[in-house]
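Visitor: The UniProt record's numbering numbers the first residue of the sequence shown as 1 and each following residue consecutively.
C-beta: ideal position from N, C-alpha, C; glycine also.
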Amino acid sequence: MGAERSNLKAEPGLDPSRPRRWHWKRLLWLPVLFAAFSVLQVLVLRFVDPPLSTVMLWRYGEALGQGEWDYRLHYQWRDLDQMAPSLPISLVAAEDQRFPEHNGFDLQAIEKARDHNAKGGRLRGASTISQQVAKNLFLWQGRSWVRKGLEVWYTVLIEALWPKARILEMYANIAEFGDGIYGAQAAARQYWGKDAARLSAAESARLAAVLPAPRRYNAARPGPYVQRRAAWIQRQARQLGGHAYLGED
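1) Identify, in the order they occur along the chain, each residue of the same chain with its Cβ nearer than 8 Å to the Cβ of Asp195, setting aside the five sequence neighbours on each side.
2) From what residue to what residue does the beta strand (DSSP E) around Phe177 run?
3) Where do the N-terminal and C-terminal ends of the alpha helix (DSSP H) with Met56 fall, by residue?
4) To the nearest angstrom, report how far apart Pro212 and Asp49 are at their CA atoms.
5) Check whether the Cβ atoms of Tyr182 and Ser53 sit closer than 9 Å, and answer yes or no.
6) State the Cα-Cα distance for the pair Pro88 and Gln236, rounded to the nearest angstrom.
7) Can the beta-carbon of Val156 be found less than 9 Å from the beta-carbon of Gly104?
8) If you drop the 5 nearest sequence neighbours on each side, which residues of the same chain put their C-beta closer than 7 Å to that of Ala231?
9) Tell me which residue opens and which closes the alpha helix (DSSP H) that Phe37 is part of.
10) Please report the straight-line C-alpha distance between Gly193 and Ile174, rounded to a whole angstrom.
11) Here's a check: name, in chain order, each residue in its chain whose Cβ is nearer than 6 Å to the Cβ of residue 253, leaving out the five neighbours to either side.
12) Per DSSP, what kind of secondary structure is His243 in: helix, strand or coil?
13) Below 8 Å on the Cβ atoms is my contact criterion, and I expect Gln97 with Leu240 to pass it. Report the Cβ-Cβ distance as a whole number of Å.
14) Among the candidates Lys164, Ala208 and Ala93, whose CA atom is the shortest distance from the CA of Lys177?
15) Just to confirm, is the Cβ distance from Ala134 to Ile233 under 9 Å?
16) How many angstroms separate the CA atom of Glu159 from the CA atom of Ile129?
17) Between Leu150 and the rest of its own chain, which residues show a CB-CB distance below 7 Å, the 5 nearest in sequence each way excluded?
18) Which residues does DSSP pair with Ile181 in a beta bridge?
19) DSSP on Leu207, reduced to helix/strand/coil?
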């Protein structure tokens, strides 16, 4: 028996002192681990308000990298019922009018954008509010196929795990309304010195109007473009049925 034990220990595959080899197949667990982490991440944020978003952190790092040492982020969370009712419907009217109906991806808008872009001229996007939440909350700035794939994945998770009201609440809080100004509460304080709950319909429409380029346009000092777009947003909000369109009383 002693000789047999000695022979077994001599075999390389059974030597406990021999280091185990790393195998590439372990990489196959990475997608599984990422999927589990991202599901948990989205599930937690259904109930927990985020202190920051990745876009905020990215912009802050960018400012410091450019030597803007006095750069400050303005961000104050407010629940949806602490905002003026005119704000959520203004965001939907401006950005994603089929928001209550689609499951994260507006195929009709994608088709229209593709046809429009095929004709040339100014490019038109078709991102839904859910997609913009996925980009702003979880991902980095820039364009790549990897980022687009992650955007799709997080959009699916958001739509599956969050109610529509939470998605809209998150968007209203992390959207950029000016350089360093994130969310409706911070925008209302910075531009008009009031809380988001006291925003007028015209002010809500102006905030929604600057979203395509919030560092270029100013909701407090609107130029002709913002004025025209804000007026259009108010008309669209009325045609949709006002905040009742979102299932609010």
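Guide: Let me spell this out:
1) The sequence position of residue 195 within the sequence shown is 195, counting from 1. Taken in chain order, the residues that qualify are Arg78, Gln82, Gln185, Ala188 and Arg189.
2) For this step, residue 177 is matched to residue 177 along the sequence shown. From DSSP, the beta strand (DSSP E) with Phe177 extends over Glu176 to Gly178.
3) Against the sequence shown, residue 56 aligns to sequence position 56. Run containing Met56: Thr54 to Gly65, per the alpha helix (DSSP H) assignment.
4) Counting from 1 along the sequence shown, the entry for residue 212 is found at position 212. Counting from 1 along the sequence shown, the entry for residue 49 is found at position 49. Whole-angstrom Cα-Cα distance: 25 Å.
5) Counting from 1 along the sequence shown, the entry for residue 182 is found at position 182. Counting from 1 along the sequence shown, the entry for residue 53 is found at position 53. Taking 9 Å as the Cβ cut-off, Tyr182 and Ser53 qualify as a contacting pair.
6) Translated into positions along the sequence shown, residue 88 becomes position 88. Translated into positions along the sequence shown, residue 236 becomes position 236. So the alpha carbons of these two residues sit roughly 13 Å apart.
7) Locating residue 156 in the sequence shown gives position 156, where the first residue counts as 1. Locating residue 104 in the sequence shown gives position 104, where the first residue counts as 1. Closer than 9 Å, so yes.
8) As a working note, residue 231 is residue 231 in the sequence shown. Excluding residues within five positions, none has a Cβ falling inside 7 Å.
9) As a position in the sequence shown, residue 37 is number 37, starting the count at 1. Counting along the chain, the alpha helix (DSSP H) containing Phe37 begins and ends at Trp29 to Phe47.
10) On the sequence shown, residue 193 is found 193 positions in, with the first residue counted as 1. On the sequence shown, residue 174 is found 174 positions in, with the first residue counted as 1. The alpha-carbon atoms of Gly193 and Ile174 are separated by roughly 19 Å.
11) Within the shown structure, residues of the chain are numbered from 1 to 249, placing residue 253 beyond reach of any answer.
12) By one-based count along the sequence shown, residue 243 stands at place 243. Of the three classes helix, strand and coil, the one that applies to His243 here is helix, per DSSP.
13) On the sequence shown, position 97 is the one that residue 97 refers to. On the sequence shown, position 240 is the one that residue 240 refers to. 7 Å between Cβ atoms; contact.
14) As a position in the sequence shown, residue 177 is number 177, starting the count at 1. It should be pointed out that residue 177 corresponds to Phe in this sequence rather than to Lys. Here the closest residue by C-alpha is Ala208.
15) Taking the first residue of the sequence shown as 1, we reach residue 134 at position 134. Taking the first residue of the sequence shown as 1, we reach residue 233 at position 233. For Ala134 and Ile233, no; Cβs fall outside 9 Å.
16) As a first step, residue 159 is located in the sequence shown; it is residue number 159 there, counting from the start. As a first step, residue 129 is located in the sequence shown; it is residue number 129 there, counting from the start. Those two C-alpha atoms are separated by around 11 Å.
17) On the sequence shown, residue 150 is found 150 positions in, with the first residue counted as 1. So the qualifying residues of the chain are Leu139.
18) If you number the sequence shown from 1, residue 181 lands on position 181. His74 and Gly178.
19) Taking the sequence shown and counting its residues from 1, one reaches residue 207 at position 207. Residue state, collapsed to three classes: helix.
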